[in-house]
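What follows is one structure encoded as structure tokens, with my remarks underneath.
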Amino acid sequence: MLACQAQAGPQPVRPARDLLRPLGFGAERFPPWFYERRFLRPRRLRRLPLHALRYLSSAAPLAPLRSRAAPKEFDEIEVDVAVVGAADVPGAFRADLAAGALALGIYPDRTLGVLTGDRLLAVRFERLVVATGSYVRLPPVPGNDLPGVFGLEAAERYARAGALARGTRIAAWMPDERRPRIGELAAAHGLEIVWMSDAAPRRICGRRRVEAVEAATGRTPCDLFVIGVRQPAVDLALQGGARAALTEGALPIVALEEVPDWMEVRGAASASTSGVPDVVAADGAFACLCEDVRVGDIRACVRQGFADAELVKRRTGAMTGPCQGKLCSATVLATLREMGVTPVPTRSRAPARPVALGELAADA
Amino acid sequence: MRSVIVGAGIAGLALAVELRRLGWEAAIVEERYPGSGNSTRNVGRVRRMQLTADLTEFSCRASDKWTAVAELTGRRNPLLYPTRYVWVLYGDDERAVVEPLQPMWADHGARARVVGSDDVLAAVPVLKGGDVPVGGVIGEAAMVHHDAAVYGYYLRARETGVRFEVGEAAVALEREGGRACGVRTASGRLIEGDVVVNAAGGRAGEVARSFGVDAPNMPIRREVLVTEPSRPFMTPVVTFYRPQEGWFNQTLRGELVAGVVDVDEAPGMTEESSVRFLGRTARIVLQKAPRLAELRVVRQWAGVYDTTPDKRPLVGEYPQAPGVYALNGWSGRGILLAPLAAELLAREIAGRGRHRLLEPFAAGRFTGTEPRAQAPGDYYSGYAH
Numbered sequence: 001m002l003a004c005q006a007q008a009g010p011q012p013v014r015p016a017r018d019l020l021r022p023l024g025f026g027a028e029r030f031p032p033w034f035y036e037r038r039f040l041r042p043r044r045l046r047r048l049p050l051h052a053l054r055y056l057s058s059a060a061p062l063a064p065l066r067s068r069a070a071p072k073e074f075d076e077i078e079v080d081v082a083v084v085g086a087a088d089v090p091g092a093f094r095a096d097l098a099a100g101a102l103a104l105g106i107y108p109d110r111t112l113g114v115l116t117g118d119r120l121l122a123v124r125f126e127r128l129v130v131a132t133g134s135y136v137r138l139p140p141v142p143g144n145d146l147p148g149v150f151g152l153e154a155a156e157r158y159a160r161a162g163a164l165a166r167g168t169r170i171a172a173w174m175p176d177e178r179r180p181r182i183g184e185l186a187a188a189h190g191l192e193i194v195w196m197s198d199a200a201p202r203r204i205c206g207r208r209r210v211e212a213v214e215a216a217t218g219r220t221p222c223d224l225f226v227i228g229v230r231q232p233a234v235d236l237a238l239q240g241g242a243r244a245a246l247t248e249g250a251l252p253i254v255a256l257e258e259v260p261d262w263m264e265v266r267g268a269a270s271a272s273t274s275g276v277p278d279v280v281a282a283d284g285a286f287a288c289l290c291e292d293v294r295v296g297d298i299r300a301c302v303r304q305g306f307a308d309a310e311l312v313k314r315r316t317g318a319m320t321g322p323c324q325g326k327l328c329s330a331t332v333l334a335t336l337r338e339m340g341v342t343p344v345p346t347r348s349r350a351p352a353r354p355v356a357l358g359e360l361a362a363d364a
Numbered sequence: 365m366r367s368v369i370v371g372a373g374i375a376g377l378a379l380a381v382e383l384r385r386l387g388w389e390a391a392i393v394e395e396r397y398p399g400s401g402n403s404t405r406n407v408g409r410v411r412r413m414q415l416t417a418d419l420t421e422f423s424c425r426a427s428d429k430w431t432a433v434a435e436l437t438g439r440r441n442p443l444l445y446p447t448r449y450v451w452v453l454y455g456d457d458e459r460a461v462v463e464p465l466q467p468m469w470a471d472h473g474a475r476a477r478v479v480g481s482d483d484v485l486a487a488v489p490v491l492k493g494g495d496v497p498v499g500g501v502i503g504e505a506a507m508v509h510h511d512a513a514v515y516g517y518y519l520r521a522r523e524t525g526v527r528f529e530v531g532e533a534a535v536a537l538e539r540e541g542g543r544a545c546g547v548r549t550a551s552g553r554l555i556e557g558d559v560v561v562n563a564a565g566g567r568a569g570e571v572a573r574s575f576g577v578d579a580p581n582m583p584i585r586r587e588v589l590v591t592e593p594s595r596p597f598m599t600p601v602v603t604f605y606r607p608q609e610g611w612f613n614q615t616l617r618g619e620l621v622a623g624v625v626d627v628d629e630a631p632g633m634t635e636e637s638s639v640r641f642l643g644r645t646a647r648i649v650l651q652k653a654p655r656l657a658e659l660r661v662v663r664q665w666a667g668v669y670d671t672t673p674d675k676r677p678l679v680g681e682y683p684q685a686p687g688v689y690a691l692n693g694w695s696g697r698g699i700l701l702a703p704l705a706a707e708l709l710a711r712e713i714a715g716r717g718r719h720r721l722l723e724p725f726a727a728g729r730f731t732g733t734e735p736r737a738q739a740p741g742d743y744y745s746g747y748a749h
């Protein structure tokens, strides 16, 4: 049930019974923020989890937050060719996150917003090469929210960091061409592949973490569910005026159909099929993990008369969370199509990924 | 009797629901989707105090009307919740403008008062450590979840038999004997009605001109950013006008929404964002509230204020076009004013006379020669007359 469907009036509240609760008893007698600052999130430790995550995922280190005395410089520059991602174009201006330059978005008049360690840039370009790669395509099956559901790339990083124990049992949902990659990973780190298919399982089972997968062939106990199926990262291209549509035939993904003549899309971002068979989405499967929306919620919403992707987005909150639809738009649109609604992707907006206000502040 | 309403935003939907209550039929022509445009591009602030007496009186009544919206839409919860509006003052000139307004606010029940710096910081602790305000205005206000409210009206309109023509753009007015008799859509269809209402929000000026009415509406872009949700850290909503107009507040879902306007913003209809906006808003908001530095921005977007020369809406019949009514020109107050304005306009359309509160908002009050009084970026000068 959505919050806006609740009847006005008092809601039943059950007191939380977590271990931190005793710490909170004195909280009301402290000055504002004291409890949060001293106990929950001491300033020195506040960014530690972020640093750790960055380190584990081999991302560039976290930029230091700007104090209010030093906002970034804002610059407008003009270039011939701009590149987003790792594509190799000699002489081009490059916005590559691995090199510390984040492409925020494409703005009108062929302008690319770029954030570097010390500058906020509006880059006017003649030609743009987009190599934004891909995200995981979440399978629309129950249990797809369980801890232990992993992307292939994430599993590789964890394994490299020594975070996957030898003998970990892996269920892998892979298109054929990516099977060698998971095979290599398993061989290198002593992991055991107990289930592998290009067809999504019926459900991923477990109470607090992945414990088994259930497919037409039966139930297979496992520790990790690894996803090799990919959704091309088309958000940035869409901001530049490219057109995308939900693919047909195989398991649907949102793929680019047409790009402006000044734009070139390379690599995984230009994929046009998921390469795995379609499945019927289950009501209990999560469509949007950020905002807690299941496939059944979307069907109910369409039955109520909200028969448009933009309406479903605002009614349920799907696609409005921190990932801005990267994980869920394919599932939401596929559900709409199954209900007889033309699946038009919702509007894509900058920034391409969450950026702290402290990093954005600039003399603009 | 039949009505055709152009625009399925909150104004058009509310008017359709009110007209149905008076026994009129209603058809809504919407180019995009119900609630598109500014009804979904705002943050749903319902504030009582305004800079002039007529707007304050209307806003107070409009705020009261909001408490009836849930009942009016079939007990659909618009997520209306009471809060305080903190208008933070950073200049002594601002204090000089707002202090004399207190008796007027008291007369109309705006329940707002001018307070000192300490009271502002106590009400909004997140401002501590930033620029020190010289004072502020703290007033009673409410927030509404705009989408929940719009969809409450939408569902109520559907179940009371309002006809929806979604995906159709109104391109021309059809007349019969000098009086409006319907609108022609882009696909060539005629949607018939005895009255036609222009509730097209940011596109109201365009629509009026396509109907042959010279309307003073001028859209001007307003940009917004939103961060990921976090724990509740502030309940009041904050607005400031120095060094330039800006505002921020935390939503029920825990996101921070914020915006700082560009003083050189050129008028025009656009819903495109800009990269400058991100840098400017982050810098100015952090000057005021440095503790927000770690919140991460997930999205930026833009809408328009559909402004009129005196920043008051247009509600009523266009004198140049009998049978055509205006319900637009909100100048940034659409969510606040629309439910009440729709109710009063519906009564007028149904022949129950023009309500006293609508007097300052006549659709024909402009001659086309009015200067737009506002100096670039100065909010207060727009209300000087």
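The listed protein sequences derive, respectively, from chains Y and A. So in the numbering used here, spot 317 of the first sequence is number 317, and the numbers just go up one at a time. With positions in the second sequence counted from 1, the corresponding number in the numbering used here is that position plus 364. Here a beta-carbon is modelled for each residue, glycine too, at the ideal position from N, C-alpha and C. Note that this is a predicted model, so its numbers are computed, not measured.
Consider the Cβ of residue i: report whether some Cβ of chain A lies at a distance smaller than 7 Å.
{"i": "Asp283 (chain Y)", "result": "no"}
{"i": "Tyr107 (chain Y)", "result": "yes"}
{"i": "Leu56 (chain Y)", "result": "no"}
{"i": "Leu146 (chain Y)", "result": "no"}
{"i": "Gly305 (chain Y)", "result": "yes"}
{"i": "Val355 (chain Y)", "result": "yes"}
{"i": "Pro42 (chain Y)", "result": "no"}
{"i": "Phe74 (chain Y)", "result": "yes"}
{"i": "Leu128 (chain Y)", "result": "no"}
{"i": "Ala352 (chain Y)", "result": "no"}
{"i": "Leu120 (chain Y)", "result": "yes"}
{"i": "Pro71 (chain Y)", "result": "yes"}
For chain Y, is any of its Cβ atoms less than 7 Å away from the one on residue i?
{"i": "Trp430 (chain A)", "result": "no"}
{"i": "Leu700 (chain A)", "result": "no"}
{"i": "Leu691 (chain A)", "result": "no"}
{"i": "Ala630 (chain A)", "result": "no"}
{"i": "Arg711 (chain A)", "result": "no"}
{"i": "Asp495 (chain A)", "result": "no"}
{"i": "Leu650 (chain A)", "result": "yes"}
{"i": "Asp626 (chain A)", "result": "no"}
{"i": "Arg647 (chain A)", "result": "yes"}
{"i": "Arg522 (chain A)", "result": "yes"}
{"i": "Ala375 (chain A)", "result": "no"}
Just to make sure I have the definition right: I need the residues of chain A whose C-beta is within less than 8 Å of the C-beta of residue i. Which are they?
{"i": "Leu104 (chain Y)", "result": "Val639 and Leu642"}
{"i": "Gln324 (chain Y)", "result": "Val662 and Arg663"}
{"i": "Arg349 (chain Y)", "result": "Ser637, Arg663, Gln664 and Trp665"}
{"i": "Gly241 (chain Y)", "result": "Those do not exist, as Gly241 (chain Y) stays about 11 Å from chain A at its closest Cβ, beyond 8 Å."}
Throw me the rounded Cβ distance for the residue i and residue j pair, which I believe falls under 8 Å.
{"i": "Ala242 (chain Y)", "j": "Glu264 (chain Y)", "result": "Incorrect: roughly 11 Å between the Cβ atoms, too far for contact."}
{"i": "Asp96 (chain Y)", "j": "Thr168 (chain Y)", "result": "Not a contact, Cβ separation roughly 32 Å."}
{"i": "Leu656 (chain A)", "j": "Arg425 (chain A)", "result": "About 35 Å; that fails the 8 Å criterion."}
How many angstroms separate the CA atom of residue i from the CA atom of residue j?
{"i": "Lys652 (chain A)", "j": "Ala630 (chain A)", "result": "26 Å"}
{"i": "Val662 (chain A)", "j": "Gly105 (chain Y)", "result": "12 Å"}
{"i": "Arg539 (chain A)", "j": "Gly546 (chain A)", "result": "7 Å"}
{"i": "Ala282 (chain Y)", "j": "Val226 (chain Y)", "result": "19 Å"}
{"i": "Arg124 (chain Y)", "j": "Thr116 (chain Y)", "result": "16 Å"}
{"i": "Leu56 (chain Y)", "j": "Arg353 (chain Y)", "result": "18 Å"}
{"i": "Val79 (chain Y)", "j": "Ser594 (chain A)", "result": "39 Å"}
{"i": "Pro322 (chain Y)", "j": "Leu700 (chain A)", "result": "29 Å"}
{"i": "Ser551 (chain A)", "j": "Val535 (chain A)", "result": "9 Å"}
{"i": "Val602 (chain A)", "j": "Thr335 (chain Y)", "result": "39 Å"}
{"i": "Ser423 (chain A)", "j": "Pro140 (chain Y)", "result": "47 Å"}
{"i": "Gly228 (chain Y)", "j": "Val136 (chain Y)", "result": "7 Å"}
{"i": "Ile713 (chain A)", "j": "Ala506 (chain A)", "result": "29 Å"}
Which residues of chain Y have a Cβ atom closer than 7 Å to the Cβ of residue i, listed in chain order?
{"i": "Tyr397 (chain A)", "result": "Asp308, Glu310 and Leu311"}
{"i": "Ala564 (chain A)", "result": "The premise fails here: Ala564 (chain A) is roughly 18 Å from chain Y at the closest Cβ pair, so nothing lies under 7 Å."}
In chain Y, which residues lie with their C-beta within 9 Å of the C-beta of residue i?
{"i": "Arg384 (chain A)", "result": "Going along chain Y, no residue has its Cβ under 9 Å from Arg384 (chain A), so there is no contact; the nearest lies around 17 Å."}
{"i": "Thr404 (chain A)", "result": "Glu310 and Arg314"}
Since residue i meets chain Y, which of its residues come closer than 8 Å, beta carbon to beta carbon?
{"i": "Ser594 (chain A)", "result": "Under the 8 Å cutoff, chain Y gives no residues; its nearest Cβ is about 11 Å from Ser594 (chain A)."}
{"i": "Ser400 (chain A)", "result": "Glu310"}
- Message: What ranges does the beta strand (DSSP E) occupy inside the segment 565 to 608 of chain A, keeping only unbroken runs of at least 3 residues that lie completely in it?
- Response: 582 to 591 and 601 to 604
- Task: Go through the segment 78 to 141 of chain Y residue by residue and report every complete run of the beta strand (DSSP E) that reaches 3 residues or more, in order.
- Result: 81 to 85, 93 to 95, 102 to 107, 111 to 115, 119 to 124, 127 to 131 and 134 to 136
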